[in-house]
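**Q** The structure's right below; bear with me while I get my questions together.
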Amino acid sequence: MEQAKIRNFCIIAHVDHGKSTLADRLLQLTGTISEREMQAQVLDSMDLERERGVTIKASAVRMTYTALDGETYEMNLIDTPGHVDFAYEVSRALQSCEGALLVVDASQGIEAQTLANLYLALENNLEIIPVINKIDLPAARPDEVAKDLEDLLGVPAAEMICVSAKTGHNVQAVLEAVVKRVPPPKGDPEAPLQALIFDSHYDSYKGVIAYVRVVNGSLDRHTPLRVMSTGIAFDPVEIGIFAPTMREVERLSAGEVGYIATGLKTVQECRVGDTITSKVNGAAEPLPGYRRAKPMVFAGVYPVEAEDYPALRDALEKLQLNDASLVFEPENSQALNFGFRVGFLGLFHMEIVQERLEREYNLDILMTAPSVEYEVKLRNGEVRLVDSPARMPDESAIEEVREPWMKVSIFTPDAYIGAIMELVTKRRGKYLGMEYIDRSRVNATYLMPLSELIVDFHDRLKSATKGYASLDYTFDGYYPDKLVKLEVLVNGAPVDALAMIVHRDEAYQKGQRLVSKLKELIPRQLFAVPIQAAIGGRIICRADIKALRKDVLAKCYGGDITRKKKLLEKQKRGKRRLKMIGSVEVPQEAFMALLRLDEED
């Protein structure tokens, strides 16, 4: 189709504002999907996405729409996630579009991710079309939300499109607005081929399938291609479009969105954000890629059965293929043997990866408590990045430890400001400022250490505000603080997987809680087991698990006391010998106890 008739757009919004439902209605309206094939959340193909009602992966689809002016347009829609952990998926989708539908819930109004995604879209110079959704709800206040959006975007409230994606009311106006307001792509069909890879997945028959936006030039099945960063050449197995399932086509031209089945077998050969060009007379320069996602949260992932280690490595490699933000490297632990140190974007991302490993790859895995990446400055001037407490250098060699701090935006009704302030100050947060969005809602900004944010801050925030607050955060920088490594010794031996990096002021309290928790969880042995918490070789608290005691005096009734003493002495010597050679198995629940330490507060 000629370029003037192509429209590439995406849908951006806060989580649960109705992006996927609006995408369903657009697919229905354009006849891309028949009534028989229609189901809720068509583009959310993963079971996890359907169960949780959230979009995890960005997905693309091509629709053909005949506008009211009688012209037929090719519309490429990319549906994006709304959760803060998947902001990188949104940034990738925006690279391949010229316009964005900004969807806002008519009852909830503007929320944290609405703003975050809007700023991402503005950075990419996209045409923004505001859409107010869920106007059929009893609590809907479309006029107020339109006024807020007018103040934010400078678009007159009269131009806002009010729809109900659930009932389909006024959805056609959205398609008309896309046709009129989103500019056609600007690429040159005669220039050398440049296609941006914005996503990918692995197919066991066709190898790596790269989702591409053709920026310049064109390609067909018989064009030999080359990946620009690695220089790897390949002949495409198949090229096609998403309608919404994969459908083979003869050709992809400048401005179009589709896929290339590369036949490549490994993740490293075809990276997301890379540029594909022709092998012969290809482009000289790659396209400017987008910012690479930087993992923020790290955890150890270990197979429960040691023989599952190769299967876990294969599973992580395949997951990494369509999740560019996932990074991992091998590590081993005295307590858990061989596994991987895996980097995630946040706790929700970690949860999703854990569930996918268990469901899609049938693996039984154990995850250690999450930690963040610290900058450690040594006395010799060297600066090291430490993402695991086990890798923390000796305390005597450290000059200072810096931890990542985040700039946190919290949108909340003003009635809950006190509760939020208390929660943030407990987590070492610092107040930055506050502004009113409307008469009763404020946007409060804080600085907070990431380590305090990742575990259960979101849940606590929702509880403190009865579910009304929403949260967004961005990386601010590394700042020094009094941080120490808290070690746990069981029967005198340090358990590296239970070590954690904590603030010195909280170390004693956390150590005490952890030791008490482990005392309940570790089973009793035939000898007394001491559990200790230590900082820099100094024990700060201890609890003893009493020995299981066999009654050796059961057969002694009456008689000389020396006989009883002799039997008790013999038992004591046996226990001492056992203690030296006996090993204590730390159960899996003990590693999860670290996550739940704050619940007793």
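Numbering (this note's numbering), first residue to last: 299 to 899.
From the three backbone atoms N, C-alpha and C, an ideal C-beta is built for every residue, glycine too.
Using the C-alpha atoms, what's the distance from Q393 back to D518?
**A** Between the alpha carbons of D518 and Q393 lies a distance of about 23 Å.
**Q** The alpha helix (DSSP H) that contains S749, what's its start and end?
**A** 748 to 751
**Q** Runs of 3 residues minimum, wholly inside the stretch 564 to 608: which ones carry the beta strand (DSSP E) assignment?
**A** 573 to 576, 595 to 601
**Q** Between the stretch 630 to 641 and the stretch 672 to 682, do at least 3 Cβ pairs fall closer than 8 Å?
**A** no
**Q** Run the CB neighbour count on C854, radius 10 Å, all protein chains shown included, and call it buried at 16 or more, exposed below.
**A** exposed
**Q** Report the partner residues of V684 according to the DSSP bridge assignment.
**A** Partner(s): Y672.
**Q** Is the CB-CB distance between M732 and A742 below 8 Å?
**A** yes
**Q** What is the DSSP secondary structure of N660, counted as helix, strand or coil?
**A** N660 falls in the coil class under three-state DSSP.
**Q** Does the Cβ-Cβ distance between P280 and G529 come in under 8 Å?
**A** Outside the shown range of the chain (299 to 899) lies residue 280, about which nothing can therefore be said.
**Q** Do I558 and P930 come within 8 Å of each other at the CB atom, strictly closer than that value?
**A** Coverage of the chain is limited to positions 299 through 899, which leaves residue 930 absent and any answer about it impossible.
**Q** I'd like to confirm the pairing. Which residues does DSSP put opposite G556 in its beta bridges?
**A** V510
**Q** Rounded to whole angstroms, what's the CA-CA distance from P542 to C308? Just pull it up for me.
**A** 15 Å
**Q** Inspect the beta-carbon positions of M594 and L550 and report whether they are closer than 8 Å.
**A** 8 Å or more divides the Cβ of M594 from the Cβ of L550.
**Q** Is P440 helix, strand or coil when you go by DSSP?
**A** helix
**Q** By how many angstroms is the C-alpha of S527 removed from the C-alpha of S576?
**A** 13 Å
**Q** Report yes if the C-beta of N660 is less than 7 Å from at least one heavy atom of the ligand SAM; otherwise report no.
**A** The ligand SAM is absent from the structure shown, which contains no ligands of any kind.
**Q** Going by beta-carbon coordinates alone, are C568 and V525 separated by less than 8 Å?
**A** Yes, they are a contact pair.
**Q** Taking C-alpha atoms, which residue in A404, E372, N415, I426 lies nearest to E396?
**A** Nearest option by C-alpha distance: I426.
**Q** Our contact map puts I833 next to A841 with C-beta atoms below 8 Å; I'd like the distance itself, whole angstroms only.
**A** Rounded, the Cβ-Cβ distance is 16 Å, inconsistent with contact.
**Q** On the criterion of 16 or more Cβ atoms from any shown chain inside 10 Å, does S738 qualify as buried, or is it exposed?
**A** With fewer than 16 other beta carbons inside 10 angstroms of its own, S738 counts as exposed.
**Q** Starting from the C-beta of N374, find all residues in its chain whose C-beta is less than 6 Å away, skip the five residues before and the five after it, and write them out in chain order.
**A** N306, R360, V555
**Q** In chain order, what residues of the same chain have a beta carbon less than 6 Å from the beta carbon of G485, not counting five sequence neighbours either side?
**A** V513, N514, A552, G553
**Q** First and last residue of the alpha helix (DSSP H) that includes S631?
**A** Where S631 is concerned, there is no enclosing alpha helix (DSSP H), although the beta strand (DSSP E) it sits in stretches over 625 to 631.
**Q** Under the three-state reduction of DSSP, which class applies to R847: helix, strand or coil?
**A** coil
**Q** Rounded to whole angstroms, what's the CA-CA distance from P268 to L420? Just pull it up for me.
**A** Here the chain has residues from 299 to 899 only, and residue 268 is not among them.
**Q** Cα separation between H756 and P711?
**A** 16 Å
**Q** Quick one: what does DSSP say R348 is sitting in, helix, strand or coil?
**A** Only weak support exists for where R348 lies, its pLDDT of 46 falling under 50; the value from the coordinates is given anyway. Residue state, collapsed to three classes: helix.
**Q** Since V472 contacts V461 with CB under 8 Å, what's their CB separation in whole angstroms?
**A** 6 Å
**Q** Does the stretch 595 to 609 touch the stretch 650 to 669, meaning 3 or more C-beta pairs lie closer than 8 Å?
**A** yes
**Q** So what does DSSP say about Y855, is it helix, strand or coil?
**A** Y855 falls in the coil class under three-state DSSP.
**Q** What residue from I650, S669, P428, I433 has the CA that sits closest to G452's CA?
**A** P428
**Q** Is I718 helix, strand or coil when you go by DSSP?
**A** helix
**Q** For S761, count neighbouring Cβ atoms within 10 angstroms of its own Cβ and tell me buried if that reaches 16, exposed if not.
**A** S761 comes out exposed.
**Q** What do you get for H647, buried or exposed, if any count of 16 or more other CB atoms within 10 angstroms of its CB means buried?
**A** buried
**Q** In three-state terms, what does DSSP make of N415?
**A** helix
**Q** What are the start and end residues of each continuous beta strand (DSSP E) run of 3 or more residues lying completely inside the stretch 757 to 820, in chain order?
**A** 768 to 779, 781 to 788, 798 to 801
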